[in-house]
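S.K.: Here you go, one structure.
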Amino acid sequence: MVKDEYLVARVGGLYFGIFCRDVKNVYSQQLKLAKLHYQSSIFRGITHINGSMLQIIDLRRRIGMPDEKEPEVLTLVSFQTDISNLFAVVVDQIVGLKRLPKGSVQPHPGHMTNTHENINLLFPMVAILEDGMMIHLLDSTYLNKTEPVLEEAGDLELF
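Quick note: the sequence shown uses the working numbering, first residue -19, plus one each step.
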């Protein structure tokens, strides 16, 4: 059964896994990016690949890592988070596919409970492998959602 297979990628020293069914495509190529004035700083811009318009998110910026020199060839992992939104994240390296052993997935330990820009929702779970490697499991629905998630306060008032 493929239910526990993840695409593992690396950004800096952070290894993260993306549930295989969430991944639309993986690209590694030179791209022309167009920056849109209304996009936040986490976006590198938009591009056109294989007939699809993709918004490109710099995962380093999204999780607060310092920028590095931009490579000529970008490695991207694309997602379709809903019916109309196609996103791709820039990663340093695709490590490969990994089947996570039962019992290795658990809630993220305390050091990433940071709610700043919803980092805690972007990586809600981790997998700790037998060799001690920690893989942060990405929830693609929070890729572009950096505003705090607000809880409903009290009952509705009727006017």
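Using N, Cα and C, we set each Cβ at its ideal position, and we do this for glycine too.
1) Quick one: grab the DSSP three-state call for residue -16.
2) Have a look at residue 65 and residue 39 and give me their C-alpha separation to the nearest angstrom.
3) In three-state DSSP terms, what is residue 100?
4) Taking the runs of the alpha helix (DSSP H) that are 4 residues or longer, which of them lie wholly in the segment 18 to 98?
5) Go through its chain and collect everything with a Cβ distance to residue 0's Cβ below 8 Å, but skip five positions before and after it.
6) Using 10 angstroms around the beta-carbon of residue -3, count the other beta-carbons present and answer buried if the total reaches 16, otherwise exposed.
7) Measure the alpha-carbon distance for residue 85 versus residue 28 and round it to whole angstroms.
8) Assign residue 133 to one of three DSSP states: helix, strand, or coil.
9) Taking Cβ to Cβ, would you say residue 13 is nearer than 8 Å to residue 37?
10) What does the alpha-carbon distance come out to for the pair residue 106 and residue 88?
11) Got a sec, what are the start and stop residues for the beta strand (DSSP E) residue 9 sits in?
12) With 16 other CB atoms within 10 Å as the buried threshold, where does residue 58 fall?
M.R.: Taking the definition as stated:
1) Residue numbering aside, residue -16 sits at position 4 when the sequence shown is read from its first letter. Correct three-state label for residue -16: coil.
2) For the purposes of this step, residue 65 is taken as residue 85 along the sequence shown, with counting starting at 1. For the purposes of this step, residue 39 is taken as residue 59 along the sequence shown, with counting starting at 1. The alpha-carbon atoms of residue 65 and residue 39 are separated by roughly 17 Å.
3) For the purposes of this step, residue 100 is identified with residue 120 of the sequence shown, where counting begins at 1. Reduced to three states, the DSSP call for residue 100 is helix.
4) 39 to 43
5) Here the question's residue 0 lines up with position 20 in the sequence shown. Only -18, -15, -14, -13 and 77 meet the Cβ criterion.
6) Mapped onto the sequence shown, residue -3 falls at position 17. Residue -3 should be labelled buried.
7) Numbered from 1 along the sequence shown, position 105 holds the residue referred to as residue 85. Numbered from 1 along the sequence shown, position 48 holds the residue referred to as residue 28. The alpha-carbon atoms of residue 85 and residue 28 are separated by roughly 35 Å.
8) In the sequence shown, residue 133 corresponds to position 153, counting from 1. Residue placement at residue 133 cannot be trusted, given a pLDDT of 49 that sits under 50; the coordinates are not used to answer.
9) Within the sequence shown, numbered from 1, the residue matching residue 13 stands at position 33. Within the sequence shown, numbered from 1, the residue matching residue 37 stands at position 57. No.
10) If you number the sequence shown from 1, residue 106 lands on position 126. If you number the sequence shown from 1, residue 88 lands on position 108. Taking the straight line joining both Cα atoms gives about 5 Å.
11) Taking the sequence shown and counting its residues from 1, one reaches residue 9 at position 29. Its beta strand (DSSP E) spans residues 3 to 9.
12) Position 78 of the sequence shown, counted from the first residue, corresponds to residue 58. Buried, since its Cβ has 16 or more Cβ neighbours within 10 Å.
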